[in-house]
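*Asks:* Numbering (this note's numbering), first residue to last: 377 to 518. I'd like to ask some things about the structure below.
Printed below as a string of structure tokens:
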């Protein structure tokens with residue numbers, strides 16, 4: 377076993393939540409409305425530095441879902457968020473400088489995972505560019 381003097385640290389946070397019927401999570405037994413928290417993780421890697429895995433909700437979710445057809449998303453799963461719950465504000469409250477985040481890893485492109493991903497120094501934008509290139513290449517194959 378390789379010994380490392382600096383351990384990997386992972387801290388779990390949430391930035392808001394949405395409300396949806398329990399049948400979304402459990403189609404057979406879900407009986408009432410539930411909160412679905414927008415969780416994300418701060419990873420302190422001994423070599424790569426500070427990383428985020430997802431970013432939770434941010435206020436811009438409201439603007440992004442203000443018009444049709446995106447409004448349907450906000451209507452079906454209303455989002456609740458306090459300003460102090462955003463990823464940037466929670467990082468600051470814990471003594472971290474958001475500018476020190478070296479990478480944002482996005483698990484998938486739902487609003488509760490990506491709307492807090494405004495870290496301009498990070499390569500998460502590259503991930504979105506790669507996704508767009510993939511979609512364009514698939515469209516060209518049809």
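Backbone N, C-alpha and C fix where the C-beta goes; we use that ideal spot for every residue, glycine too.
Can you name the start and end residues of the alpha helix (DSSP H) that residue 464 belongs to?
*Replies:* From DSSP, the alpha helix (DSSP H) with residue 464 extends over 463–469.
*Asks:* Residue ranges of each alpha helix (DSSP H) run of no fewer than 4 residues wholly in the stretch 408–496, ordered along the chain?
*Replies:* Runs found: 436–440, 446–452, 463–469, 487–490.
*Asks:* Counting only the same chain and skipping the five closest in sequence on each side, list residues whose C-beta sits under 6 Å from that of residue 490.
*Replies:* Excluding sequence neighbours, residue 490 sits near 482.
*Asks:* Decide if the stretch 453–466 is in contact with the stretch 381–392; the criterion is three or more beta carbon pairs, one per stretch, under 8 Å apart.
*Replies:* Segments in contact, yes.
*Asks:* Determine contact between the stretch 460–479 and the stretch 416–427, defined as no fewer than three beta-carbon pairs at a distance below 8 Å.
*Replies:* Judged by Cβ distances under 8 Å, the stretch 460–479 makes contact with the stretch 416–427, as three or more pairs qualify.
*Asks:* Reducing DSSP to helix, strand and coil, say where residue 392 ends up.
*Replies:* The answer is strand: DSSP assigns residue 392 an E or B state.
*Asks:* Measure the alpha-carbon distance for residue 444 versus residue 492 and round it to whole angstroms.
*Replies:* Spanning the two alpha carbons is a distance of roughly 21 Å.
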